[in-house]
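A.B. asks:
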Amino acid sequence: MALTIEALIIELTEQLAAADLFYGHGSDNPADEAAELVFFAAGLRHEQAPACYGDVVDDAVISKVRALVQRRINERLPAAYLTQRMWFAGHEFYVDERVLVPRSPIAELIHAQFEPWLQLNRVRRVLDIGTGSGCIAIACALAFPEAQVDAADISPDALQVTQINIERHQLTQRMRAVPSDVFSGVPDQRYDLIVSNPPYVSHAEMDDLPTEYLREPELGLRAGVDGLDIVRRILAEAEAHLQPQGLLVVEVGDSEVALAEAYPAVPFVWLDFEYGGGGVFVLTAAQLVEHRAALAAGMAR
Ligand SMILES: C[S@@+](CC[C@H](N)C(=O)[O-])C[C@H]1O[C@@H](n2cnc3c(N)ncnc32)[C@H](O)[C@@H]1O
Numbered sequence: 320m321a322l323t324i325e326a327l328i329i330e331l332t333e334q335l336a337a338a339d340l341f342y343g344h345g346s347d348n349p350a351d352e353a354a355e356l357v358f359f360a361a362g363l364r365h366e367q368a369p370a371c372y373g374d375v376v377d378d379a380v381i382s383k384v385r386a387l388v389q390r391r392i393n394e395r396l397p398a399a400y401l402t403q404r405m406w407f408a409g410h411e412f413y414v415d416e417r418v419l420v421p422r423s424p425i426a427e428l429i430h431a432q433f434e435p436w437l438q439l440n441r442v443r444r445v446l447d448i449g450t451g452s453g454c455i456a457i458a459c460a461l462a463f464p465e466a467q468v469d470a471a472d473i474s475p476d477a478l479q480v481t482q483i484n485i486e487r488h489q490l491t492q493r494m495r496a497v498p499s500d501v502f503s504g505v506p507d508q509r510y511d512l513i514v515s516n517p518p519y520v521s522h523a524e525m526d527d528l529p530t531e532y533l534r535e536p537e538l539g540l541r542a543g544v545d546g547l548d549i550v551r552r553i554l555a556e557a558e559a560h561l562q563p564q565g566l567l568v569v570e571v572g573d574s575e576v577a578l579a580e581a582y583p584a585v586p587f588v589w590l591d592f593e594y595g596g597g598g599v600f601v602l603t604a605a606q607l608v609e610h611r612a613a614l615a616a617g618m619a620r
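Each residue of the sequence shown is one higher than the last, beginning at 320 in this note's numbering.
Right, dumping it as structure tokens:
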């Protein structure tokens, strides 16, 4: 019997829902994942919904998408690794298992050009530390069309994916994929904006992660006893890389509590997000100067 797009999505939603999967990679429910897998397999764009729901799906597409759903269930692979694509801040990115699946709430800040926090007429230079797919760096480059953007990561594998996305977005004139252990690859460079979604999962939290997260590179997640290994280094070194009116924006997720306890004197501003997520703070360059001693001491815990 002929199967429509809508009927196929319903069938696959039921299969996914029965499989006790975890949803944390860009969707939070089986219906959205089923729809993405069907649209991907059928070569449809999401803007074609709902007009295409009544279309009959051909057998090759049905076989392809059923196989993808089986892999999603059997291997607990995030759907984005099956489709090798993910949207972030309204832009599409290539992804594979060399990088984390983009999902940072920082997308909302980029969309707002970091207002009201970034009080600059022109953003000339941006640094993204731990860039992975390059999603944050590239979305910044698109939000600030005059800016030069450095996309830094310690992982050569991740930087290959960054480079693919820089080229796909035709940003090779304004962007660099930079091998860098935190700031090591950008000595003597200063930026208007430093943004980072670094690894911030503690050893204890790593043990409890759903299997889907273990499909992602551990280097992108694990960050020591309290999840702050990389964040401490960013805090200690950021001042030397920011312009006087610059801004530091860092995501630390659930390590927000540990960070506030580790630096009780530092006035982190924790941001609210309309579309979910949290654990993102901003600090101005002036605040980094004012709290230099405490931020340096934080390295010697
Ligand atoms: C949580 S992922 C974020 C990826 C991407 N920015 C995003 O939001 O999807 C963290 C990234 O930091 C990188 N990383 C880990 N340790 C690092 C270090 N010491 N210096 C620079 N990057 C590092 C990892 O390779 C990974 O790509």
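From the three backbone atoms N, C-alpha and C, an ideal C-beta is built for every residue, glycine too.
Tell me Leu566's beta-bridge partners as DSSP assigns them.
C.D. replies: Indexing the sequence shown from 1 puts residue 566 at position 247. According to DSSP, Leu566 bridges with Leu512 and Thr603.
A.B. asks: Can you check the stretch 475-515 for any alpha helix (DSSP H) of at least 4 residues that lies completely inside it and give the ranges in chain order?
C.D. replies: 475-487
A.B. asks: If you draw a straight line from the C-alpha of Ala605 to the C-alpha of Ala613, how long is it?
C.D. replies: Counted from its first residue, the sequence shown places residue 605 at position 286. Counted from its first residue, the sequence shown places residue 613 at position 294. One C-alpha to the other measures close to 14 Å.
A.B. asks: Which same chain residues, not among the five before or five after Val588, have their C-beta less than 7 Å away from its C-beta?
C.D. replies: Here residue 588 corresponds to residue number 269 of the sequence shown, with the count starting at 1. Counting only Cβ-Cβ distances below 7 Å, and skipping sequence neighbours, we find Phe600 and Val601.
A.B. asks: Could you have a look at Ile324 and say whether DSSP puts it in helix, strand or coil?
C.D. replies: Stepping through the sequence shown from its first residue, residue 324 is reached at position 5. Under the three-state reduction of DSSP output, Ile324 falls in the helix class.
A.B. asks: Measure the beta-carbon distance from Ala353 to Val376 and round it to whole angstroms, keeping in mind my assumption that it falls under 8 Å.
C.D. replies: Mapped onto the sequence shown, residue 353 falls at position 34. Mapped onto the sequence shown, residue 376 falls at position 57. Contact flag wrong, Cβ pair sits at about 13 Å.
A.B. asks: Here's a check: name, in chain order, each residue in its chain whose Cβ is nearer than 7 Å to the Cβ of Val646, leaving out the five neighbours to either side.
C.D. replies: This structure cannot settle anything about residue 646, because the visible part of the chain is limited to 320 through 620.
A.B. asks: Taking the C-alpha atoms as reference points, what is the distance between Ile329 and Glu427?
C.D. replies: Translated into positions along the sequence shown, residue 329 becomes position 10. Translated into positions along the sequence shown, residue 427 becomes position 108. Each residue's alpha carbon lies about 31 Å from the other.
A.B. asks: Quick one: grab the DSSP three-state call for Asp347.
C.D. replies: Residue numbering aside, residue 347 sits at position 28 when the sequence shown is read from its first letter. Of the three classes helix, strand and coil, the one that applies to Asp347 here is coil, per DSSP.
A.B. asks: Check whether the Cβ of Gly546 lies closer than 6 Å to any heavy atom of ligand 1, and answer yes or no.
C.D. replies: Your numbering for residue 546 matches position 227 in the sequence shown. Incorrect: Gly546 has no Cβ contact closer than 6 Å to ligand 1.
A.B. asks: How would you write the range of the beta strand (DSSP E) that Ala470 sits in, first residue to last?
C.D. replies: Taking the sequence shown and counting its residues from 1, the one referred to as residue 470 is at position 151. Element bounds for Ala470: Gln467 to Asp472.
A.B. asks: Using a Cβ-Cβ cutoff of less than 8 Å, which residues in the same chain neighbour Thr491 once the five nearest sequence positions on both sides are dropped?
C.D. replies: If you number the sequence shown from 1, residue 491 lands on position 172. Closer than 8 Å at Cβ, skipping near neighbours: Ile485.
A.B. asks: Near Gly345, what residues of its chain come up, given a Cβ to Cβ distance below 7 Å and the 5 sequence neighbours on each side ignored?
C.D. replies: Here the question's residue 345 lines up with position 26 in the sequence shown. Result list for Gly345: Ala399, Met405, Val420 and Arg422, in chain order.
A.B. asks: Determine, using beta carbons only, whether Ile455 and Val514 come nearer to each other than 7 Å.
C.D. replies: In the sequence shown, residue 455 corresponds to position 136, counting from 1. In the sequence shown, residue 514 corresponds to position 195, counting from 1. Yes. Within cutoff.
A.B. asks: Have a look at Gly598 and Asp591 and give me their C-alpha separation to the nearest angstrom.
C.D. replies: Residue 598 sits at position 279 when you count from the first residue of the sequence shown. Residue 591 sits at position 272 when you count from the first residue of the sequence shown. Taking the straight line joining both Cα atoms gives about 9 Å.
A.B. asks: Is Pro349 buried or exposed, if buried means 16 or more other CB atoms sit within 10 Å of its CB?
C.D. replies: Here residue 349 corresponds to residue number 30 of the sequence shown, with the count starting at 1. Classification of Pro349: buried, given that the 10 Å Cβ count is 16 or more.
A.B. asks: Are the stretch 510-527 and the stretch 569-577 touching, with three or more C-beta to C-beta distances below 8 Å?
C.D. replies: Result yes; three or more Cβ-Cβ pairs closer than 8 Å.
A.B. asks: Hey, would you say the C-beta of Ala477 is under 6 Å away from at least one heavy atom of ligand 1?
C.D. replies: Your numbering for residue 477 matches position 158 in the sequence shown. Result yes, Cβ under 6 Å from ligand 1.
A.B. asks: Which same chain residues, not among the five before or five after Leu528, have their C-beta less than 6 Å away from its C-beta?
C.D. replies: Translated into positions along the sequence shown, residue 528 becomes position 209. The beta carbon of Leu528 sits closer than 6 Å to none of the beta carbons in its chain outside the five residues before and after it.
A.B. asks: Which residues mark the beginning and the end of the alpha helix (DSSP H) in which His430 is found?
C.D. replies: Translated into the one-based positions of the sequence shown, residue 430 becomes position 111. Here the alpha helix (DSSP H) through His430 covers Ile425 to His430.
A.B. asks: Hey, is Ile473 close to ligand 1, as in C-beta under 6 Å from one of its heavy atoms?
C.D. replies: Here residue 473 refers to the residue found at position 154 of the sequence shown. Ile473 Cβ: within cutoff of ligand 1.
A.B. asks: If Phe341 sits next to Glu531, beta carbons under 8 Å apart, how far is it from one beta carbon to the other, in whole angstroms?
C.D. replies: Sequence index remark: in the sequence shown, residue 341 carries index 22 (1-based). Sequence index remark: in the sequence shown, residue 531 carries index 212 (1-based). The Cβ separation is near 5 Å, so the contact holds.
A.B. asks: With DSSP as the reference, label Arg578 as helix, strand or coil.
C.D. replies: For the purposes of this step, residue 578 is taken as residue 259 along the sequence shown, with counting starting at 1. Note that residue 578 is Leu in the sequence shown, not Arg. The answer is helix: DSSP assigns Leu578 an H, G or I state.
A.B. asks: Taking the alpha carbon of Ile457 as the reference point, which residue from Leu538, His430, Ile473 and Arg441 has its own alpha carbon closest?
C.D. replies: For this step, residue 457 is matched to residue 138 along the sequence shown. Of Leu538, His430, Ile473 and Arg441, the residue nearest in Cα terms is His430.
A.B. asks: For Glu535, which of helix, strand or coil comes out of DSSP?
C.D. replies: Taking the first residue of the sequence shown as 1, we reach residue 535 at position 216. Coil.
A.B. asks: Measuring from the CB of Cys371, is there a heavy atom of ligand 1 at a distance below 6 Å?
C.D. replies: By 1-based counting over the sequence shown, the position of residue 371 is 52. No; taking the cut-off as 6 Å, the Cβ of Cys371 has no heavy atom of ligand 1 nearer than that.
A.B. asks: Ile448 bridges to which residues according to DSSP?
C.D. replies: Position 129 of the sequence shown holds residue 448. Ile448 is bridged to Ala471 and Ser515.
A.B. asks: Look up Tyr400 in the DSSP assignment and say whether it is helix, strand or coil.
C.D. replies: Position 81 of the sequence shown, counted from the start, is the residue given in the question as residue 400. Residue state, collapsed to three classes: helix.
A.B. asks: State yes or no: is the C-beta of Ser423 nearer than 6 Å to some heavy atom of ligand 1?
C.D. replies: What you label residue 423 is simply residue 104 of the sequence shown in a count that begins at 1. Flag set: Cβ of Ser423 near ligand 1.
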